Structure formats: C-alpha cells, structure tokens
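Numbering (UniProt numbering), first residue to last: 1 to 435.
Structural data, given as structure tokens:
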C-alpha cells in the first residue's frame, strides 16, 4: 500500500489480526437480514495446519497440538478454536480451511460480533480457491502475514482471494503483503481486500483496499454477497460494522467472482497469528468462534422429497429432418404434478447440434459455456398443479449433415431457493428430460 494512502488512512492499513479476542457469529446478532436460514460452521469439517516459533531456527514451526484445540470444553460444540500460549514459543500460527466449498453463484451473508482486546494481533476470514494453502514456514516476524499474504520472496500464500481482516498494528509501504513492514501499535480496524494470482494485495483497479476503524470491546458486523446480474454472476460485496448512526460500510460494487477467484465455488479459511514475543503480549488464551453462517440462498440442495415434475419439449419443425436456413421455435412445458409447490425451478437448454441461438422469451437468459450456447430459466415457485411454458428459437446451420434429426434434451432441477443462481455457470441442473 502506498505511503500516501497510509497517511490518509492513518492507522487503517491492513496487517490482519485479533489477539485476545473472540469472534462470534450468532444468527441473531448484527444487522437484521430477511429470509435468512442459519447454517452452522463446524471446525471438524476444516483442515488445520500451523506451528510454533520458539525463536530457534531448528525448531521453527514445530507441531502445535499442545496449544491449539478445537471444540468446547463444556459441550460437544465444534465451533471454537482456542490458542493457549506455550511456555517455549513466541508465536503461534494457524490456518483452518473448510473441506466444503462456499458458493458465490448465490447470494449469502454471515454476521456476528467481535469482542476485541486492547491489542489484537492476527485474524482473517479468507475466501480462496486453493484448499491446500498453508502458512509460510520461517517467513519472519510479520504477524498474520505468515498465514495469508505472500511474504517477501516466499512462494506460499493465498492467491485469487477475498479477505476480511481484523487488526490493530500498522504497516508501511507494502506491509500488508509482508514487504517493508512497520510494526507499531495503532487503531483497531477492519479491512476488506483482494489478493491477486501472484499472492499480492490489490490496491487499485476495481477492488482497492477498504478499511474502517473499530473500537475496543464488542463490535457487531456483517458481510453480504448479493448477486446483481444473474447472467454474468456479478454482484456487490458489502461489509458493515456497527449500527445506527455509528454504522460504517465497506463495499465492492460490480464484484466478479470469476475474475477474482477464477471460479464461483471457493473455500473459506480462518487464519490467525498470535505473536507473544515481538509485541510483548500478555499471556492467556486466544479464542475464535464461528457459528450460524447464514445463507440467504443456500447452495443447491434438492429437497428430500421433491415435487414430481413433467418436463416435455416440442418444436415447430414439421418434417423429420432439419432444413437449411430454418428458424425453429422450441417450447418446453413444465408441469408440477404434485400437491406441494416446486420452489426454485432451474431449467437449461443447450442449442441443438448444428444450430445457433436466435431468440428467447422474456424469462430466458442467454449464455455460453465452453463454446456451447444455451438458454436458462429460473422460476421462483411453481405451485402444485400449475404448468409453465418456456420458449426459444434456434437457427439451423448451413453446414449441417444430411438427414439431421434434432433431439430433445432439457436439464432441470428444484433448488429450494426462490432467488436465482448465476445463469451462466458451468454446472448444469442435475436432472435430464430427453427423447
């Protein structure tokens, strides 16, 4: 980050951290969100790596099982990471990455409270496509940079990432990615940033670093990901802190998951670095808790007993074989033959072989995946006994083979969510109706 920007932001530059803090994400905390369904974070479904720094080169980053534990000592809950200071180490670093992906092709949110000590020192929530990423061994005294940003000439670190971080300590120059770090106490703050394919923080272009001050004590916050363009999958990423007149906001408009991550399905990582020696921190436990991660629109999980649908396709083609220069109209009829509503009906039709897309009805969304044109539709709710007709037109190529017979093949599924997913994703609906 440039010095001039750091001067303007004063102590809002980014380093990561929360020492002596508890991060809590309860469903009822923070700004209210309508139509949310809580989905808990379970650390038994995360893979954890890390180590201790004893100050000895021969013992750097040795095993840390003696000072880090997951779960609760008073219950069977697995939503807690506790870091206890070992007697022979100055620093403890950990990376805890989910074994399950989070779906940026659908809107979601998480919210909670952070209880922050006077000197927080290292915590971040990271969305990134690489589940195998780990901290950089022997990278130096750069706090949680060990866990997230690429350090100097180190080869490890997250890439193609969206990062939400908590910090007190200042950095200078490019300190947020480990270069020329200036370590001094400062104003606690939250920051939102992205990391590029080289492991470097982006501080210009579409996603410059955002930072807001936070107070010592308990702070409510939320992160919302909203799809604003169903065709492209672009949306708005918003982080809010506080409430009422004291609410502060960080936002990325026109956020493109494919440009940042290279995909829409990414892993969630919680990374921390506790530095007892360099910053002369006091002893005691450092705890991190995550629970009630709320998806407003969950990833596609078909209902256990989905309604029975009848999906049929017809065309305006009058002869058995396709003819040159003809434009055929195709009609897909979907009927709910059950007594319960079909919520979140997603339908996709690729253009038949040797044809090109010509037009679609008002509900259809044109797309192209790996050179294959398609039209996709989303019906938020098809009531019991109702039917809907979806139409598109395709033009026959002149280079078609003789006696071309066009086959019918329609993909569909019931997602259970009334809000549409990204329409041009590479993943097809799971069911197929074909002749």
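Yeah, the Cβ is synthetic: ideal placement off N, Cα and C, and Gly gets one too. Everything numeric in this text was worked out from a predicted model, so none of it was measured.
Measure the C-alpha to C-alpha separation of residue i and residue j and round it to an integer number of angstroms.
{"i": "residue 267", "j": "residue 196", "result": "16 Å"}
{"i": "residue 234", "j": "residue 192", "result": "18 Å"}
{"i": "residue 100", "j": "residue 48", "result": "14 Å"}
{"i": "residue 132", "j": "residue 158", "result": "10 Å"}
{"i": "residue 241", "j": "residue 414", "result": "35 Å"}
{"i": "residue 320", "j": "residue 403", "result": "8 Å"}
{"i": "residue 220", "j": "residue 200", "result": "29 Å"}
{"i": "residue 126", "j": "residue 362", "result": "38 Å"}
{"i": "residue 336", "j": "residue 314", "result": "18 Å"}
{"i": "residue 311", "j": "residue 381", "result": "15 Å"}
{"i": "residue 322", "j": "residue 399", "result": "12 Å"}
{"i": "residue 309", "j": "residue 433", "result": "10 Å"}
{"i": "residue 210", "j": "residue 247", "result": "15 Å"}
{"i": "residue 214", "j": "residue 360", "result": "50 Å"}
{"i": "residue 256", "j": "residue 205", "result": "13 Å"}
{"i": "residue 202", "j": "residue 225", "result": "20 Å"}
{"i": "residue 334", "j": "residue 409", "result": "13 Å"}
{"i": "residue 194", "j": "residue 305", "result": "40 Å"}
{"i": "residue 239", "j": "residue 245", "result": "16 Å"}
{"i": "residue 96", "j": "residue 435", "result": "47 Å"}
{"i": "residue 372", "j": "residue 162", "result": "30 Å"}
{"i": "residue 407", "j": "residue 307", "result": "26 Å"}
{"i": "residue 387", "j": "residue 111", "result": "39 Å"}
Kindly indicate which residue of the options has the alpha-carbon position closest to the one of residue i.
{"i": "residue 339", "options": "385, 350 and 375", "result": "385"}
{"i": "residue 124", "options": "106, 270, 421 and 336", "result": "270"}
{"i": "residue 236", "options": "96, 244 and 249", "result": "249"}
{"i": "residue 378", "options": "194, 260, 253 and 231", "result": "231"}
{"i": "residue 366", "options": "432, 166, 229 and 107", "result": "229"}
{"i": "residue 103", "options": "258, 210, 46 and 212", "result": "258"}
{"i": "residue 198", "options": "246, 260, 239 and 214", "result": "260"}
{"i": "residue 212", "options": "317, 164, 194 and 256", "result": "164"}
Which residues in the same chain have their Cβ closer than 7 Å to the Cβ of residue i, if we skip the five residues on either side of it in sequence?
{"i": "residue 348", "result": "374, 376, 411, 428 and 429"}
{"i": "residue 262", "result": "129 and 160"}
{"i": "residue 105", "result": "233, 264, 421, 422 and 425"}
{"i": "residue 344", "result": "380, 414, 415, 416, 417 and 418"}
Contact check, residue i vs residue j under 8 Å by CB: the rounded distance?
{"i": "residue 354", "j": "residue 405", "result": "Not really, about 11 Å apart at Cβ, beyond 8 Å."}
{"i": "residue 364", "j": "residue 346", "result": "That belief does not hold up - the Cβ atoms of residue 364 and residue 346 are roughly 12 Å apart, past 8 Å."}
{"i": "residue 223", "j": "residue 109", "result": "6 Å"}
{"i": "residue 417", "j": "residue 227", "result": "At roughly 11 Å, the Cβ-Cβ gap does not stay under 8 Å, so residue 417 and residue 227 are not in contact."}
{"i": "residue 98", "j": "residue 46", "result": "5 Å"}
Using a Cβ-Cβ cutoff of less than 8 Å, which residues in the same chain neighbour residue i once the five nearest sequence positions on both sides are dropped?
{"i": "residue 394", "result": "327, 328, 330, 351, 352, 355, 356, 357 and 358"}
{"i": "residue 401", "result": "354"}
{"i": "residue 318", "result": "none"}
I'd like the list of long-range same chain contacts for residue i, defined as Cβ closer than 6 Å, with 5 residues on each side in sequence excluded.
{"i": "residue 383", "result": "341"}
{"i": "residue 252", "result": "207 and 237"}
{"i": "residue 389", "result": "331 and 333"}
{"i": "residue 316", "result": "328 and 329"}
{"i": "residue 324", "result": "398"}
{"i": "residue 431", "result": "412 and 413"}
{"i": "residue 507", "result": "What is shown of the chain runs 1 to 435, which leaves residue 507 out entirely."}
{"i": "residue 254", "result": "234"}
#### Entry: Inside the region 302–345 only - beta strand (DSSP E) runs reaching at least 3 residues
309–315 and 327–336
### Query
Quick one: complete beta strand (DSSP E) runs, 3+ long, within the region 206–258?
210–213, 217–227, 235–241 and 248–255
### Message
Please give me, in chain order, every unbroken run of the beta strand (DSSP E) with length at least 3 that falls completely inside the region 381–427.
### Response
387–396 and 409–414
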